[in-house]
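Trainee:
Residue numbers (mature numbering (1 follows the signal peptide of the UniProt record, and there is no 0)): -20 to -1, 1 to 281.
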């Protein structure tokens, strides 16, 4: 049966998204083991205040294996996971000329908005309307991407793949709190202010530079593998998303081979809505969103 026939099967979604096991951990703290139940925040605001690592490196340092016991306190987890001080940040490379490609689809302005270190969001910017990804879920998204996400989750479920959201919209204030808490943790370990900020920036986006503020980004895992680390890329859920997400307008935002352009290390769980045409174009040509915008600017010039 064609996969797209599952677009009206959103009713299958409740069973896979009602699980509360994928809970965003406190900044720099270890993720609770899959086998250990995690409480759901009472409100969406509480959920937003909890952070998910921005990079795979941070996630690997933050996640605990299924058989490990969770640290007693966030401070203990931070002390155990702090990496060595980052060296001076390397200058961002100049964008390489892209091969001749057919003109990229324009896409809708709101859907293809670029958020990164060069294109930050303002402190007060937020989606026009936020809705839960499922009834009772603390995770919210821009209302315009709810239906395509539900269709995607239902299609995956119909093929035996359960998708689980563990992060969605995150306001500027939460990202700022995450960043400041991480800097404070490094300072407590004896890092200089410069080292603390540089090392934090290697793992956590500066406030305003996180795509989660758009409400268009989702961190998606699966009940059987909830750790945000590179091992997730080998799961059936990650493979299914890689092959099918574009059909529903989503793109793998931070591919492994595009880190120099995106500024973020490989995140196989981080998917961003850009619309079906743009997602298909990116997938078909192996491009990231930064390269898409480079093409638009070159064509406009």
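All C-beta atoms, glycine included, are put in the ideal place defined by N, C-alpha and C. The model shown is predicted, which means the values in this text are computed figures rather than measured ones.
On the DSSP letters alone, give me the boundaries of the beta strand (DSSP E) that residue 231 sits inside.
Mentor: For the purposes of this step, residue 231 is taken as residue 251 along the chain shown, with counting starting at 1. According to the DSSP assignment, residue 231 belongs to the beta strand (DSSP E) that extends over 230 to 232.
Trainee: Go through the region 199 to 263 residue by residue and report every complete run of the alpha helix (DSSP H) that reaches 4 residues or more, in order.
Mentor: 216 to 224, 239 to 242
Trainee: Ignore the nearest five residues each way along the sequence and tell me which others in residue 198's own chain have a CB closer than 6 Å to its CB.
Mentor: Mapped onto the chain shown, residue 198 falls at position 218. If we look at residue 198 and ignore the five residues flanking it on each side, its Cβ neighbours are 145, 148, 251.
Trainee: I'd like to confirm something about residue 88: is its beta-carbon nearer than 7 Å to some heavy atom of the ligand ZN, or not?
Mentor: This structure lacks the ligand ZN; in fact it carries no ligand of any kind.
Trainee: Figure out for me which residue from 118, 112, 81, 124 has the closest Cα to the Cα of residue 230.
Mentor: Within the chain shown, residue 230 is the residue found at index 250, counting from 1. The residue with the shortest Cα to Cα distance from residue 230 is 124.
Trainee: Kindly identify the DSSP beta-bridge partner or partners of residue 122.
Mentor: Counting from 1 along the chain shown, the entry for residue 122 is found at position 142. Partner(s): 110.
Trainee: Could you name the residues that DSSP lists as bridge partners for residue 147?
Mentor: Here residue 147 is taken as the residue at index 167 of the chain shown, counted from 1. The partner list for residue 147 (beta bridge, DSSP) reads 199.
Trainee: In or out: residue 185 buried (at least 16 other Cβ within 10 Å) or exposed?
Mentor: As a first step, residue 185 is located in the chain shown; it is residue number 205 there, counting from the start. With 16 or more other Cβ atoms within 10 Å, it is buried.
Trainee: In the DSSP assignment, the alpha helix (DSSP H) including residue 153 goes from what residue to what residue?
Mentor: Stepping through the chain shown from its first residue, residue 153 is reached at position 173. Looking at the DSSP string, the run of the alpha helix (DSSP H) that includes residue 153 is 152 to 168.
Trainee: Exposed or buried, residue 158, counting other C-beta atoms within 10 Å across all chains shown (16 or more means buried)?
Mentor: The sequence position of residue 158 within the chain shown is 178, counting from 1. Answer is buried; the Cβ neighbour count reaches 16.
Trainee: Per DSSP, what are the beta-bridge partners of residue 192 in this structure?
Mentor: Counting from one through the chain shown, the residue named residue 192 turns up at place 212. Paired residues: none, contrary to the question.
Trainee: Pull the bridge partners of residue 285 from the DSSP assignment, please.
Mentor: As shown, the chain starts at -20 and ends at 281. That puts residue 285 outside it, with no answer to give.
Trainee: Go to residue 176, then tell me how far its alpha helix (DSSP H) extends in each direction, as first and last residue.
Mentor: On the chain shown, residue 176 is found 196 positions in, with the first residue counted as 1. Unbroken alpha helix (DSSP H) run through residue 176: 173 to 181.
Trainee: Assuming residue 156 contacts residue 187 under a Cβ cut-off of 8 Å, what Cβ separation, rounded to an integer in Å, is found between them?
Mentor: Residue 156 sits at position 176 when you count from the first residue of the chain shown. Residue 187 sits at position 207 when you count from the first residue of the chain shown. Indeed they touch by this definition, with Cβ atoms about 4 Å apart.
Trainee: Quick one: residues in its chain with C-beta nearer than 7 Å to the C-beta of residue 276, no 5 flanking neighbours on either side, listed in chain order?
Mentor: Here residue 276 refers to the residue found at position 296 when the chain shown is read from its first residue. Excluding residues within five positions, the ones whose Cβ falls inside 7 Å are 84.
Trainee: Look at the alpha carbon of residue 111 and the alpha carbon of residue 120, and state the distance between them as a whole number of angstroms.
Mentor: Looking up residue 111 in the chain shown gives position 131. Looking up residue 120 in the chain shown gives position 140. Cα to Cα, residue 111 sits roughly 5 Å from residue 120.
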